[in-house]
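Numbering (this note's numbering), first residue to last: 12 to 341.
The beta-carbon is built from N, C-alpha and C at its ideal position, and this holds for glycine as well.
Worksheet: one structure, shown below.
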């Protein structure tokens with residue numbers, strides 16, 4: 012139990028390869044000993060809603076999303092640099108233990124030296140059990156040249172955990188955070204300095220919604236401020252755009268709040284964005300054109316209203332160029 016963090020509630024854990032969030036720590040009578048009440052990312056992995064024998068110990072989004080597990084079964088993860096070493100560190104002695112010539116040995120040693128952490132411009136830790144930054148300032152000294160960082164599906168619990176890493180990566184331009192469950196910061200601007208050079212942010216399957224943002228930040232009522240909350244990004248990488256729009260349209264602010272940044276700004280097609288040119292010819296020139304009487308048109312309604320074949324959308328939505336949508340900020 013000495014390895015159990017004092018702030019275990021709210022922390023992300025890995026149990027048998029599955030991700031979960033700790034919602035409860037304590038005894039569960041009539042059993043003895045300490046239990047962790049966890050909410051699984053995959054509700055099919057759970058057994059109940061956080062209740063046991065009529066007593067509610069925690070709550071879950073899904074009625075079968077919860078379980079009780081012993082602390083020994085849960086991994087709270089490792090810090091950023093420990094994960095980097097797991098992925099990128101090479102054991103020189105192991106490499107040279109085989110029968111190699113002297114010249115080959117020199118080349119291998121040179122290769123290993125060139126793979127030093129300081130030379131890394133991309134660090135891919137997707138699916139690793141990263142839980143935070145570790146010792147203060149060590150990331151800045153060890154991996155100072157990282158420009159692209161993949162932290163998807165890790166054990167990071169909140170934006171503070173993310174910013175404690177990114178604030179030490181002054182060259183960072185791209186950040187992958189998909190498939191995480193991150194709580195939002197109490198002060199949305201307090202961590203802006205940690206993302207000052209960021210240009211690309213990927214947040215697929217992150218369960219971040221407009222109500223979550225607006226509840227904590229009532230002043231955020233327009234898309235440009237929302238982007239400013241996400242640290243003045245110039246590019247957002249989005250997938251499943253149509254599905255996401257329909258999924259959250261009921262929670263979005265009125266379309267009038269989205270103008271002029273999107274509602275009245277025309278799409279600007281690049282050389283590779285033939286799809287946008289087709290939309291413009293058909294009459295879809297701005298986001299407001301996808302609305303009627305304040306409601307987002309359905310997929311079928313768009314196709315019918317603007318006479319655009321469904322196969323055209325399939326081609327555009329699956330193209331690489333559509334995944335990078337440049338957005339003007341004020």
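Strand pairing of residue i, partner residues [DSSP]
i           : result
residue 187 : 161 and 213
residue 90  : 143
residue 63  : 66
residue 35  : 48
residue 168 : Residue 168 is not bridged to any residue.
residue 135 : 161
residue 77  : 50 and 59
residue 99  : Note: residue 99 sits in no beta bridge, so no partner.
residue 29  : 26
residue 317 : Answer is none; residue 317 lacks a bridge partner.
residue 194 : 169
Whole-angstrom C-beta distance between residue j and residue i, which should lie under 8 Å
i           : j           : result
residue 46  : residue 37  : 7 Å
residue 317 : residue 297 : With 8 Å as the limit, residue 317 and residue 297 do not qualify as a contact, their Cβ atoms being about 13 Å apart.
residue 48  : residue 61  : 6 Å
residue 95  : residue 154 : 6 Å
Under 8 Å between C-beta atoms of residue i and residue j
i           : j           : result
residue 39  : residue 22  : no
residue 129 : residue 156 : yes
residue 344 : residue 164 : Since the displayed the chain opens at 12 and closes at 341, residue 344 lies outside it and no answer follows.
residue 98  : residue 139 : yes
residue 193 : residue 167 : yes
residue 17  : residue 53  : no
Residue i versus residue j: straight-line alpha-carbon distance, rounded
i           : j           : result
residue 215 : residue 189 : 5 Å
residue 55  : residue 85  : 18 Å
residue 200 : residue 171 : 12 Å
residue 25  : residue 79  : 13 Å
residue 92  : residue 63  : 39 Å
residue 58  : residue 73  : 10 Å
residue 134 : residue 141 : 12 Å
residue 310 : residue 319 : 10 Å
residue 211 : residue 158 : 11 Å
residue 83  : residue 19  : 13 Å
residue 202 : residue 173 : 10 Å
residue 42  : residue 35  : 15 Å
residue 301 : residue 313 : 7 Å
residue 191 : residue 148 : 24 Å
residue 146 : residue 75  : 38 Å
Cβ of residue i within 8 Å of any chain B Cβ
i          : result
residue 68 : Checking the listed chains, one finds no chain B in this structure; it contains a single protein chain.
Proximity test, residue i beta-carbon vs the ligand ATP heavy atom, cut-off 7 Å
i          : result
residue 68 : Annotation note on the ligand ATP: not contained in the displayed structure, which lists no ligands.
Quick check: the stretch 204 to 215 against the stretch 180 to 187, are there 3 or more CB pairs under 8 Å?
In short, these stretches touch, since the Cβ pair count reaches three.
For the stretch 88 to 100 against the stretch 57 to 75, do three or more pairs of beta-carbon atoms, one drawn from each stretch, fall closer than 8 Å, so that the two count as touching?
no
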